[in-house]
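Just below is one structure, and these are the notes that go with it.
Protein chains in written order, with this note's numbering: chain S, 1 to 262; chain X, 1 to 293.
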């Protein structure tokens with residue numbers, strides 16, 4: 001019994017440390033954006049201020065990089081959702097043996113380090129006279145984000161009752177119409193979810209983007225450069241805004257999902 | 001293929017196939033082939049391209065084997081990535097077990113949400129958070145000095161900082177597969193082991209871990225791969241003494257100006273990661289289909 005108690009206390013302690021490990025970095029980073037100190041920290045607290053948010057808001061380079069990231073993310077979504085869906089549909093129509101080979105090929109970008117995807121894309125397109133920039137960032141990011149879309153659409157397809165398609169065909173619908181009116185509406189939740197995931201993946205990508213960015217500075221590159229060359233709490237203010245936005249987005253998405261499921 | 005055409009008609013099937021082939025040929029296959037081509041050729045001025053010196057050889061890859069600093073950094077990256085995976089496992093296993101076997105439905109929902117939230121946040125921002133905590137005049141040193149554990153600030157940047165930030169960054173990739181694997185273990189099996197007199201240690205080493213080995217292997221593979229291919233954590237939290245292989249690759253491209261050697265190094269990294277993935281999966285008899293969930 002005593003051993004059990006000690007074990008229990010140790011486990012609770014571990015949970016507390018684990019939670020602190022997860023959240024302390026984020027809380028400290030957020031809190032530092034309200035500290036007057038020029039270097040972002042929380043100890044010593046030199047006075048509470050919102051100046052760093054104003055400084056961040058006034059930073060033209062930050063807006064430029066945000067714009068680049070948004071532009072890239074929109075283009076990525078336009079590519080990955082159709083291609084990922086097509087990949088899922090093609091893969092599920094293959095016979096068992098061909099399928100497992102095709103599957104291995106199609107998930108291989110997920111098993112490739114992000115820097116390698118960036119490097120190989122850069123090399124191929126330089127050979128054709130195209131240098132780093134928005135176009136290559138979109139292409140390189142899409143290479144692996146397509147895999148996520150494909151997996152999400154496949155998961156949804158597993159619950160699809162194909163007799164619905166046959167019924168529609170039997171009632172005289174053309175095959176194109178069946179796809180547009182039966183298959184696609186069924187896949188809609190997965191398509192929306194994968195578009196959301198694609199935006200998140202695209203905006204947060206750093207490893208792949210770094211190699212193909214050319215002279216562009218997307219948000220992650222902007223932040224990483226700031227950390228190396230002149231970190232002020234204005235970067236923390238930006239981080240806090242991004243964190244709050246992501247958490248609100250994630251919660252809204254989860255609520256919408258539960259409402260649909262209910 | 002016939003099935004696809006049957007299902008969606010010739011028009012749509014053609015569009016689907018073109019999209020998929022474009023992805024696989026132009027975005028996946030061609031870049032990798034071109035990278036291999038670059039890796040095997042020497043770095044020549046434009047005038048000498050196609051000349052007598054422009055022949056295939058392994059010299060770029062052999063250069064890595066012969067250059068002591070790069071070789072050391074390469075091996076260090078391998079074992080350090082293994083260490084990241086091992087530490088991540090130790091950090092995650094108890095909570096994964098608790099979530100899968102002990103937690104009530106309500107506790108589980110909260111735990112899952114709390115664990116997932118930090119992972120919606122950008123890897124660069126998470127690294128930045130560690131940069132701030134571990135700074136020389138940062139909160140961690142201040143707290144440790146206040147409670148009297150240390151007399152002077154410690155320079156955390158370097159191997160320790162990189163390890164902390166990487167473990168932090170990859171917790172989810174380790175936790176979820178292990179959680180999924182342990183969840184499928186019948187509670188009765190643990191109870192049976194306990195009734196037969198097994199200690200908690202033996203229950204874990206002989207019942208839970210063997211059952212969860214596929215999930216653990218998946219977690220290891222992903223964590224290792226992400227760590228070996230990581231650039232941001234070593235770049236922001238490392239010190240000159242803790243360089244990572246990806247940083248060397250970056251330097252070949254953007255500072256050394258030798259793309260061929262850079263391509264060779266990137267190829268070595270790719271082969272290393274694929275080998276680790278495939279060998280681990282084979283060893284633990286995990287199917288690729290189960291990995292990418």
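Idealized CB from N, CA, C, for every residue including glycine.
Computed from a prediction, not measured in an experiment: that's the story for all the values here.
Taking just the CA atoms, how far does residue j sit from residue i?
| i | j | result |
| --- | --- | --- |
| residue 205(X) | residue 212(X) | 10 Å |
| residue 263(S) | residue 141(X) | Missing from the structure shown is residue 263(S); chain S here goes from 1 to 262 and no further. |
| residue 134(S) | residue 23(X) | 18 Å |
| residue 189(X) | residue 108(X) | 21 Å |
| residue 124(S) | residue 40(X) | 15 Å |
| residue 21(S) | residue 55(X) | 53 Å |
| residue 201(X) | residue 90(X) | 14 Å |
| residue 28(S) | residue 226(S) | 18 Å |
| residue 182(S) | residue 174(S) | 11 Å |
| residue 268(S) | residue 33(X) | Because residue 268(S) is not part of the residues shown, which for chain S are 1 to 262, the question remains open. |
| residue 13(X) | residue 96(S) | 19 Å |
| residue 100(S) | residue 35(X) | 26 Å |
| residue 142(S) | residue 272(X) | 23 Å |
| residue 85(X) | residue 162(X) | 13 Å |
| residue 165(X) | residue 4(X) | 46 Å |
| residue 101(X) | residue 115(X) | 17 Å |
| residue 66(X) | residue 72(X) | 10 Å |
| residue 39(S) | residue 103(S) | 49 Å |
| residue 215(X) | residue 111(S) | 16 Å |
| residue 198(S) | residue 249(S) | 14 Å |
| residue 253(S) | residue 106(X) | 20 Å |
| residue 238(X) | residue 224(S) | 13 Å |
| residue 139(S) | residue 72(S) | 9 Å |
| residue 276(X) | residue 221(X) | 7 Å |
Could you give the residue range of the alpha helix (DSSP H) that holds residue i?
| i | result |
| --- | --- |
| residue 153(S) | 134–157 |
| residue 70(X) | 68–97 |
| residue 103(S) | 96–107 |
| residue 202(S) | 184–204 |
| residue 31(X) | 30–40 |
| residue 82(S) | 60–93 |
| residue 234(X) | 232–237 |
| residue 175(X) | 159–183 |
| residue 209(S) | 207–212 |
| residue 164(S) | 163–170 |
| residue 156(X) | Here residue 156(X) belongs to no alpha helix (DSSP H), and DSSP marks it neither H nor E. |
| residue 177(S) | 175–178 |
| residue 128(X) | 123–134 |
| residue 189(X) | 187–195 |
| residue 277(X) | 259–283 |
| residue 131(S) | Neither: residue 131(S) is in no alpha helix (DSSP H) and is coded neither H nor E. |
| residue 139(X) | 139–146 |
Can a CB atom of chain S be found closer than 8 Å to the CB of residue i?
| i | result |
| --- | --- |
| residue 150(X) | no |
| residue 162(X) | no |
| residue 126(X) | yes |
| residue 63(X) | no |
| residue 123(X) | yes |
| residue 45(X) | no |
| residue 172(X) | no |
Could one say the Cβ of residue i lies closer than 8 Å to chain X's Cβ atoms, at least one of them?
| i | result |
| --- | --- |
| residue 138(S) | no |
| residue 198(S) | no |
| residue 114(S) | yes |
| residue 220(S) | yes |
| residue 192(S) | no |
| residue 189(S) | no |
| residue 69(S) | no |
| residue 207(S) | yes |
| residue 210(S) | yes |
Mind listing the chain S neighbours of residue i? Cutoff is C-beta to C-beta under 9 Å, in chain order.
| i | result |
| --- | --- |
| residue 17(X) | 86 and 90 |
| residue 95(X) | 14, 15 and 18 |
| residue 120(X) | 200, 204, 243, 246, 247, 249 and 250 |
| residue 168(X) | 21, 22 and 25 |
In chain S, which residues lie with their C-beta within 7 Å of the C-beta of residue i?
| i | result |
| --- | --- |
| residue 3(X) | 93 |
| residue 180(X) | Per Cβ cutoff of 7 Å: no residues; residue 180(X) is ~14 Å from chain S at best. |
| residue 251(X) | Those within 7 Å of residue 251(X) in chain S number zero; the least Cβ separation is about 12 Å. |
| residue 8(X) | 175 and 179 |
Who are the neighbours of residue i on chain X, taking C-beta pairs under 8 Å?
| i | result |
| --- | --- |
| residue 127(S) | 34 |
Taking Cβ-Cβ distances shorter than 9 Å, what residues in chain X pair up with residue i?
| i | result |
| --- | --- |
| residue 143(S) | 23, 27, 28 and 31 |
| residue 32(S) | 132 and 139 |
Using the beta-carbon of each residue, which ones in chain C are nearer than 8 Å to residue i?
| i | result |
| --- | --- |
| residue 111(S) | Any reference to chain C falls outside this structure, whose protein chains are S and X. |
Determine, using beta-carbon pairs with one atom in the stretch 63–83 of chain S and one in the stretch 177–195 of chain X, whether at least three such pairs fall under 8 Å. These segments do not touch.
So does the stretch 251–264 of chain X actually touch the stretch 83–92 of chain S, counting three or more Cβ pairs closer than 8 Å? Too few Cβ pairs lie closer than 8 Å, so no.
At least three beta-carbon pairs within less than 8 Å, the stretch 63–76 of chain S to the stretch 213–226 of chain S: Taking a cut-off of 8 Å for Cβ pairs, the stretch 63–76 of chain S and the stretch 213–226 of chain S touch, as three or more such pairs fall below it.
Between the stretch 227–247 of chain S and the stretch 45–64 of chain S, are three or more C-beta pairs nearer than 8 Å? With a cut-off of 8 Å, the stretch 45–64 of chain S and the stretch 227–247 of chain S count as touching, because enough Cβ pairs lie within range.
I'd like to know if the stretch 130–139 of chain X and the stretch 149–156 of chain X are in contact, where contact means that at least 3 CB-CB pairs between them fall below 8 Å. Contact annotation: the stretch 130–139 of chain X touches the stretch 149–156 of chain X, with at least three C-beta pairs closer than 8 Å.
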